[in-house]
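A short worksheet on the structure shown next.
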Ligand SMILES: [Zn+2]
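Residue numbers (our numbering): 1420 to 1516.
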């Protein structure tokens, strides 16, 4: 899938624009792996073998996505995945006593 095609996609829940992070591309710059995230509902949609997974929550299986998320975790520091939504876990340091 080309990035031009992916840029046309919007969140199926709230029709918001999605932001794209590309993790792997083939020789003709087609996106092979990446993640789309919605800034409104915080859902993420993995792109696997060039196909964006944009099913409703009830048709997604979190355990099938865990290997991908683990593989991509280093691209997404301070991020956890909860119920198909991204959560930023920026560590706030405790005030010094
Ligand atoms: Zn959304």
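The C-beta atom is built at its ideal place from N, Cα and C for all residues, glycine as well.
Quick caveat: nothing in here was measured; it's all calculated off a predicted structure.
Residue pairing by DSSP places residue 1501 opposite 1504 in a beta bridge.
Residue 1428 and residue 1465 do not touch by the CB rule: their CB atoms are close to 13 Å apart, not below 8 Å. If you look at residue 1452, you'll find it in the beta strand (DSSP E) that goes 1450 to 1457. Within the DSSP secondary-structure output, residue 1492 pairs in no beta bridge. Distances between the C-beta of residue 1459 and the heavy atoms of ligand 1 include at least one below 8 Å.
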